[in-house]
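Heads up: the structure comes next, in structure tokens.
Number of protein chains: 2
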Amino acid sequence: MTAPMHRHRPGTPDTQQGMRRRNLSRVLHTVAADGPVSRASVAQRIGLTRAAVSTLVDELIRAGLLEELGRQRPGGVGRPGSALAVSERGPAGFGAEVGVDHLAVCAMDLRGEVRARAERRVGNRGRAPRVVLRELADLVKRVTVEAETLGLAPVGLAVAVPGRVVRDTGTVASAPNLGWQDTDVAALLPVDVPLSVDNEANFGALAELWRAAECPADFLHVSAEIGIGAALVVEGGLLRGTRGFAGELGHVPVRPEGPECPCGGRGCLEQYAGEEAVLRASGIGPGPDRVTLLAERAEAGDRDTRRALRGAGTALGIALTGAVHLLDPRAVVLGGALSRLAPWLLPPLERELTRRTARPADGVVVSRIGPDGPLLGAAQSVVRAVLDDPMSVAHDTAAP
Amino acid sequence: MTAPMHRHRPGTPDTQQGMRRRNLSRVLHTVAADGPVSRASVAQRIGLTRAAVSTLVDELIRAGLLEELGRQRPGGVGRPGSALAVSERGPAGFGAEVGVDHLAVCAMDLRGEVRARAERRVGNRGRAPRVVLRELADLVKRVTVEAETLGLAPVGLAVAVPGRVVRDTGTVASAPNLGWQDTDVAALLPVDVPLSVDNEANFGALAELWRAAECPADFLHVSAEIGIGAALVVEGGLLRGTRGFAGELGHVPVRPEGPECPCGGRGCLEQYAGEEAVLRASGIGPGPDRVTLLAERAEAGDRDTRRALRGAGTALGIALTGAVHLLDPRAVVLGGALSRLAPWLLPPLERELTRRTARPADGVVVSRIGPDGPLLGAAQSVVRAVLDDPMSVAHDTAAP
Numbered sequence: 001m002t003a004p005m006h007r008h009r010p011g012t013p014d015t016q017q018g019m020r021r022r023n024l025s026r027v028l029h030t031v032a033a034d035g036p037v038s039r040a041s042v043a044q045r046i047g048l049t050r051a052a053v054s055t056l057v058d059e060l061i062r063a064g065l066l067e068e069l070g071r072q073r074p075g076g077v078g079r080p081g082s083a084l085a086v087s088e089r090g091p092a093g094f095g096a097e098v099g100v101d102h103l104a105v106c107a108m109d110l111r112g113e114v115r116a117r118a119e120r121r122v123g124n125r126g127r128a129p130r131v132v133l134r135e136l137a138d139l140v141k142r143v144t145v146e147a148e149t150l151g152l153a154p155v156g157l158a159v160a161v162p163g164r165v166v167r168d169t170g171t172v173a174s175a176p177n178l179g180w181q182d183t184d185v186a187a188l189l190p191v192d193v194p195l196s197v198d199n200e201a202n203f204g205a206l207a208e209l210w211r212a213a214e215c216p217a218d219f220l221h222v223s224a225e226i227g228i229g230a231a232l233v234v235e236g237g238l239l240r241g242t243r244g245f246a247g248e249l250g251h252v253p254v255r256p257e258g259p260e261c262p263c264g265g266r267g268c269l270e271q272y273a274g275e276e277a278v279l280r281a282s283g284i285g286p287g288p289d290r291v292t293l294l295a296e297r298a299e300a301g302d303r304d305t306r307r308a309l310r311g312a313g314t315a316l317g318i319a320l321t322g323a324v325h326l327l328d329p330r331a332v333v334l335g336g337a338l339s340r341l342a343p344w345l346l347p348p349l350e351r352e353l354t355r356r357t358a359r360p361a362d363g364v365v366v367s368r369i370g371p372d373g374p375l376l377g378a379a380q381s382v383v384r385a386v387l388d389d390p391m392s393v394a395h396d397t398a399a400p
Numbered sequence: 001m002t003a004p005m006h007r008h009r010p011g012t013p014d015t016q017q018g019m020r021r022r023n024l025s026r027v028l029h030t031v032a033a034d035g036p037v038s039r040a041s042v043a044q045r046i047g048l049t050r051a052a053v054s055t056l057v058d059e060l061i062r063a064g065l066l067e068e069l070g071r072q073r074p075g076g077v078g079r080p081g082s083a084l085a086v087s088e089r090g091p092a093g094f095g096a097e098v099g100v101d102h103l104a105v106c107a108m109d110l111r112g113e114v115r116a117r118a119e120r121r122v123g124n125r126g127r128a129p130r131v132v133l134r135e136l137a138d139l140v141k142r143v144t145v146e147a148e149t150l151g152l153a154p155v156g157l158a159v160a161v162p163g164r165v166v167r168d169t170g171t172v173a174s175a176p177n178l179g180w181q182d183t184d185v186a187a188l189l190p191v192d193v194p195l196s197v198d199n200e201a202n203f204g205a206l207a208e209l210w211r212a213a214e215c216p217a218d219f220l221h222v223s224a225e226i227g228i229g230a231a232l233v234v235e236g237g238l239l240r241g242t243r244g245f246a247g248e249l250g251h252v253p254v255r256p257e258g259p260e261c262p263c264g265g266r267g268c269l270e271q272y273a274g275e276e277a278v279l280r281a282s283g284i285g286p287g288p289d290r291v292t293l294l295a296e297r298a299e300a301g302d303r304d305t306r307r308a309l310r311g312a313g314t315a316l317g318i319a320l321t322g323a324v325h326l327l328d329p330r331a332v333v334l335g336g337a338l339s340r341l342a343p344w345l346l347p348p349l350e351r352e353l354t355r356r357t358a359r360p361a362d363g364v365v366v367s368r369i370g371p372d373g374p375l376l377g378a379a380q381s382v383v384r385a386v387l388d389d390p391m392s393v394a395h396d397t398a399a400p
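Chains as they are written, first to last, in this note's numbering: chain Y, 1 to 400; chain V, 1 to 400.
Structure (structure tokens):
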């Protein structure tokens, strides 16, 4: 469901039916990206005839996915000037996030706007997955009720988790900061809509790709909450890896004989730039919202905090040197908690990249989406699946 | 020209014409992969009707790209049982390799067989690119003459170089072991066929993908001659990076404060596992074919050589730990000179991957193609371009 790459596999038969489905998708994507627009304008943008586009548009209107905003040229013959927009009623993409210290759910319409939302602060570390997911299902129900009053119905739910998710399954292989292992989220989450599960860094990167203005189609998105993850976007799609485990930046060796890491390795990036490591080096003990405290201390010029962040930035720069040499991304985007600490992390990070001649083409930038990225990316992955194959939901929403 | 990913970009109009071209390609690919085969069998494999396939096949026969091997069921009505094969005459893909100590050119028919070949041992380090490329053009001429006697004509030439090639251009940004910088190969190579240029590791990976039995569609190919490069194959296509510079495994930091590297960094993999570093640590001075000497000494149990290779394997394991965590490839394939040294490199390399929990799904394997990979991959990239879009060469070869 997430990040289809529009790839034509050799061997897939190319039929009239397949062509029609792809063209319906192109029309819907164009209106979603540029709407409100006229039929003529859609035809021009996607390179089909006006007549072909009209047939496709009529089908999408019947399915409840497009709507006409009324004539823009009063008195015109037929409806040549009526503007098309993606429907704000009907199918909605639901996104959810299981964080180490919170749960969140939102409903997004086909235009990409969040229309309903619920959140709970709760410490999930070490709790039984079944209990956590039952609470998440309660939030899903609340958001569903709210969405229904707006004429929206969930067509799918995508769940972001801080862990490794086995590709094309609903199973979390491991989420060390939650204490989950081989957890079948799809089986344990009592909801009755199609479900997908993915790593929070992946959904965060997709949110950046789909929602941030002028986001390049190729970038490495670095995400940190408790752990450090990354996601690589290539030509507008995620590089997931064979098992779905790509992007484990937190376990790239920075100093191969450095401190032991719970992963079994030594000197992994997380041992220098993970939240726990930075807090410990700053002398900050247990308590709520410690990243805010960290930022405040750094702002105030606290020496230990500044030194800890310098060390974290240097380690990030060394690990990213390897990543940039291997992947040659257009940009590196710092997201999640890292974006709040960017003023102190960026200078040492950039220094390492520069002296090791590993600066990406467009440099290192800070996320424009912020900590909501994973939740928004999850919901939007469901919305994109509808735009990619409009007829998949047509029978749910079309009037007979 | 190299490694088209069969990707349908949103916004590309989907037309009858485009569909026909893709289906012609599917038929030709199927016969190339599985031929000789009957029309019925092609139809079954690609999921089109027998009638549709017959029309496509007739067009490919008229274009000289397919041929009929004669009826297999004598007395049948029409030609239902005649077996189809890709033509062994007509278009040929030319591949060339500029090595640090050799030049090579080959001609490959559409069946993927090398039909003509020329090679020269010559030290290219520090020579003017114009001189090197003029010599290469002479080899191309020799091979062209030989190919023509076999009824083959070059439709394109792909050149493998040991350096960074700017994506979608014929320009080598830098090839340190040749001493090339910003070298416009396309402008300096006096040949009159369409030209493409790419990194030797990329072509080596493609050769592995296209020619090795049971090669997975996702793997990291590590290649070493003088430098160390890598290429990542994802879903059957190369990950090139934004500028075309992806795969620079040789400059992944292994020990961030290690020895200085000419790239500007410190402790890069090449400082531990590059040919120069290993030869120096083994106490082997200047001379011809030093990798053979290295293998002989290791075989004989020479302590310095064994220790040097152990160090190289360990460094490779550390750098690959980062690469596997970032990319999650199905396998790591050791190619080029590394494949000859695999007996001594593999054990320390695997030990690092295992203790750092970075073993790829299918482990580390040794290339089945060997040092010819880049040359074969280059030629086959031209052949694949014909299979991907048969009509691109139809006007060159079709009888009127």
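Each residue gets a CB set at the ideal place from its N, CA and C atoms; glycine is no exception.
Here the structure is a predicted model, which is why all the values come from computation and not from measurement.
Exposure of residue i, with buried meaning 16 or more beta-carbon neighbours within 10 Å
i, result
"residue 78 (chain V)", "Caution applies to residue 78 (chain V), whose pLDDT of 47 falls short of 50 and renders its modelled position unreliable; the value that the coordinates give is listed next. With fewer than 16 Cβ atoms within 10 Å of its Cβ, residue 78 (chain V) is classed as exposed."
"residue 69 (chain Y)", "exposed"
"residue 380 (chain Y)", "buried"
"residue 388 (chain V)", "buried"
"residue 16 (chain Y)", "exposed"
"residue 132 (chain V)", "buried"
"residue 145 (chain V)", "exposed"
"residue 125 (chain Y)", "exposed"
"residue 158 (chain Y)", "buried"
"residue 32 (chain Y)", "buried"
"residue 393 (chain Y)", "buried"
"residue 260 (chain Y)", "exposed"
"residue 407 (chain V)", "No statement about residue 407 (chain V) is possible, as the shown extent of chain V runs from 1 to 400 and does not include it."
"residue 307 (chain Y)", "exposed"
"residue 277 (chain V)", "buried"
"residue 94 (chain Y)", "buried"
"residue 149 (chain Y)", "exposed"
"residue 122 (chain Y)", "exposed"
Presumed contact (8 Å Cβ cut-off) between residue i and residue j, rounded CB distance
i, j, result
"residue 358 (chain V)", "residue 383 (chain V)", "Wrong, their Cβ atoms sit about 35 Å apart, outside the cutoff."
"residue 178 (chain Y)", "residue 100 (chain Y)", "6 Å"
"residue 386 (chain Y)", "residue 176 (chain Y)", "Their Cβ separation, rounded to whole angstroms, is 34 Å, which puts residue 386 (chain Y) and residue 176 (chain Y) out of contact at 8 Å."
"residue 25 (chain Y)", "residue 348 (chain Y)", "Their Cβ separation, rounded to whole angstroms, is 45 Å, which puts residue 25 (chain Y) and residue 348 (chain Y) out of contact at 8 Å."
"residue 256 (chain Y)", "residue 318 (chain V)", "5 Å"
"residue 268 (chain Y)", "residue 253 (chain Y)", "6 Å"
"residue 356 (chain Y)", "residue 305 (chain Y)", "About 26 Å; that fails the 8 Å criterion."
Per DSSP, cross-strand counterpart(s) of residue i
i, result
"residue 237 (chain Y)", "Y:234"
"residue 202 (chain Y)", "Looking at the DSSP assignment, residue 202 (chain Y) forms no beta bridge with any residue, so it has no partner."
"residue 120 (chain V)", "V:103"
"residue 109 (chain V)", "V:92"
"residue 171 (chain V)", "V:184"
"residue 221 (chain V)", "V:231, V:333"
"residue 195 (chain V)", "V:157"
"residue 85 (chain Y)", "Y:67"
Closer than 7 Å: residue i CB and nearest the ligand FMN heavy atom
i, result
"residue 182 (chain V)", "Looking at this structure, you won't find the ligand FMN or any other ligand, since it has none at all."
What residues in the segment 290–304 of chain V bring their beta carbon closer than 7 Å to a beta carbon of chain Y?
-> none
At least 3 beta-carbon pairs within less than 8 Å: the segment 238–246 of chain V vs the segment 327–338 of chain Y | yes
What residues from the segment 200–221 of chain Y come within 7 Å of chain V, judged by C-beta to C-beta, listed N to C?
-> 218
Chain Y contacts from the segment 264–284 of chain V (Cβ-Cβ distance under 7 Å) = 264, 265
Contact set between the segment 163–196 of chain Y and chain V, restricted to residues whose Cβ is under 8 Å from the partner = none
Selection of the segment 324–337 of chain V by Cβ proximity to chain Y, strictly under 7 Å = 325, 326, 327, 328, 329, 330
Report yes or no: do three or more beta-carbon pairs, one from the segment 365–381 of chain V and one from the segment 198–211 of chain V, lie closer than 8 Å?
-> yes
So does the segment 272–288 of chain V actually touch the segment 307–324 of chain V, counting three or more Cβ pairs closer than 8 Å?
-> yes
Meets three-Cβ-pair contact criterion under 8 Å: the segment 19–39 of chain V and the segment 56–69 of chain Y | no
How about the segment 222–235 of chain Y and the segment 336–355 of chain Y: do they share at least three Cβ pairs that are nearer than 8 Å?
-> yes
Looking at C-beta atoms only, is the number of pairs between the segment 184–199 of chain V and the segment 156–171 of chain V that lie closer than 8 Å three or more?
-> yes
For the segment 30–57 of chain V, which residues have a beta carbon sitting closer than 7 Å to at least one beta carbon of chain Y?
-> 46, 47, 48
Pull out every residue of the segment 238–261 of chain V whose Cβ sits closer than 9 Å to any Cβ of chain Y, in chain order.
-> 239, 240, 241, 242, 243, 244, 245, 246, 247, 248, 249, 250, 251, 252, 253, 254, 255, 256, 257, 261
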